[in-house]
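> First the structure, which I've put down as structure tokens, then a few questions once you've had a look.
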Ligand SMILES: [Zn+2]
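In this note's numbering, the protein residues as written are 99 to 436.
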């Protein structure tokens, strides 16, 4: 079968890869309904993460179960499933506390930019739907696997409440999903920081009430202006750079929570500065599994359409172009037909 493999900076190739096999009794093999490229795939694509050897790309997935190992109890062949990019048993103490992305048996999904994939710990990781979903729901269900779940976690970690004022730093796919999540959680005001027209439009469609184009000190000044000099109750940091993190903390009012889900690269914070900011921070890889049943219900009941975040669709064979388009910000997020 064909799969996307990263060889080095800006060198992603679609090539013949081995068919996945059941390696452990707790595994499942799924046939993907669609795949996609994640913003976090761009870090190794840009050479900012070292990779030891060719890397089978892809960690967002949904599809039909084809085969399960002998110990799998909760999913069976023929079912449609969505799973998190973090593999988890969903039974250990961290999982029971809702932090499946720190599962004691955690693995990170790989090899999902392909027609079929192996999912370890299938019982803990996969959530099945009652029946096969309509085709037009596939992009939104795929989004629940990571990007929507991560945006949701950012809003949950930032403790978005009904009526609260929320700032979203970052207009990538996760930031846009953060806007959608904050809207669902009843935020009264959602301020999206974006300079790009198409992303601004999508943010507005997902529920943003204000768009601001300023950044840095000017961005902070605009947020203060919009919040009577107070700052936001909740801030979602969806980038992972030092500038974005500083922006997030400075936009937050004392007592605010910051949900940070951008994978940090080169972020260093001054302890005293943080101390006097009096903000709380919770972040890390999203425990998508905690939210999956709810997010899938929202999609299946057509309450939300996170799949709108895919503004480019390519055949898997053209995955390299999908990476380039996202890297050059010509696309927000690329769906791959497998
Ligand atoms: Zn666990």
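Note that beta-carbon positions come from the ideal geometry of N, C-alpha and C, so glycine has one too.
Work out the CA separation of residue 332 and residue 131 for me, nearest whole Å.
35 Å
> Excluding the 5 residues flanking residue 379 on each side, which residues of the same chain have their C-beta closer than 7 Å to its C-beta?
Within the same chain, residue 379 has close Cβ partners 356 and 358.
> Out of 106, 99, 143 and 168, which has the shortest C-alpha to C-alpha gap to residue 123?
Closest by alpha carbon: 168.
> Could you pull out every unbroken alpha helix (DSSP H) segment of at least 4 residues lying fully inside the stretch 140-215, listed in chain order?
140-143 and 191-194
> Could you name the residues that DSSP lists as bridge partners for residue 335?
Looking at the DSSP assignment, residue 335 forms a beta bridge with 267 and 358.
> Throw me the rounded Cβ distance for the residue 134 and residue 158 pair, which I believe falls under 8 Å.
5 Å between Cβ atoms; contact.
> Return helix, strand or coil for residue 409, following the three-state DSSP convention.
coil
> So residue 330 and residue 349 are in contact, right, with Cβ under 8 Å, and what is the actual spacing, rounded?
Separation of the CB atoms of residue 330 and residue 349 is rounded to 5 Å, and the pair is thereby assigned contact status at 8 Å.
> Does the distance from the C-beta atom of residue 209 to that of residue 156 stay below 9 Å?
yes
> Mind listing, in chain order, the residues whose beta carbon lies closer than 5 Å to a non-hydrogen atom of ligand 1?
186, 187, 190, 193 and 201
> Please say whether residue 268 and residue 160 have beta carbons closer to each other than 9 Å?
no
> Could you spell out where the alpha helix (DSSP H) holding residue 327 opens and where it closes?
That residue, residue 327, is in no alpha helix (DSSP H); it is neither H nor E in DSSP.
> According to the neighbour-count rule (16 or more other Cβ atoms, all chains shown, within 10 Å of its Cβ), is residue 230 buried or exposed?
Around the beta carbon of residue 230, fewer than 16 other beta carbons lie within 10 angstroms, which makes this residue exposed.
> Enumerate in chain order the residues of its own chain whose CB-to-CB distance from residue 413 is below 8 Å, with the five nearest sequence positions on each side excluded.
434 and 435
> Should the stretch 386-393 be called in touch with the stretch 291-299, which here means at least 3 C-beta pairs below 8 Å?
no
> Less than 8 Å between the CB atoms is what I'm expecting for residue 255 and residue 179, so what's the real figure, rounded?
No, residue 255 and residue 179 are not in contact; Cβ-Cβ is about 26 Å, not under 8 Å.
> Helix or strand or just coil, what does DSSP make of residue 120?
In the three-state DSSP reduction, residue 120 falls in the coil class, being neither helix nor strand.
> Can you tell me where the beta strand (DSSP E) holding residue 432 begins and where it ends?
Boundaries of the beta strand (DSSP E) around residue 432: 432-435.
> Could you pull the DSSP bridge partners for residue 114 from this structure?
100
> Measuring only the C-alpha atoms, how far is residue 201 from residue 217?
Taking C-alpha positions only, residue 201 is separated from residue 217 by approximately 15 Å.
> Quick check: what's the CA-CA separation for residue 452 versus residue 424?
The structure shown does not extend to residue 452, since the chain is modelled only from 99 to 436, so the question has no answer here.
> Using DSSP with H/G/I as helix, E/B as strand and the rest coil, what is residue 342?
helix
> Would you list the residues sitting across from residue 133 in a DSSP beta bridge?
434
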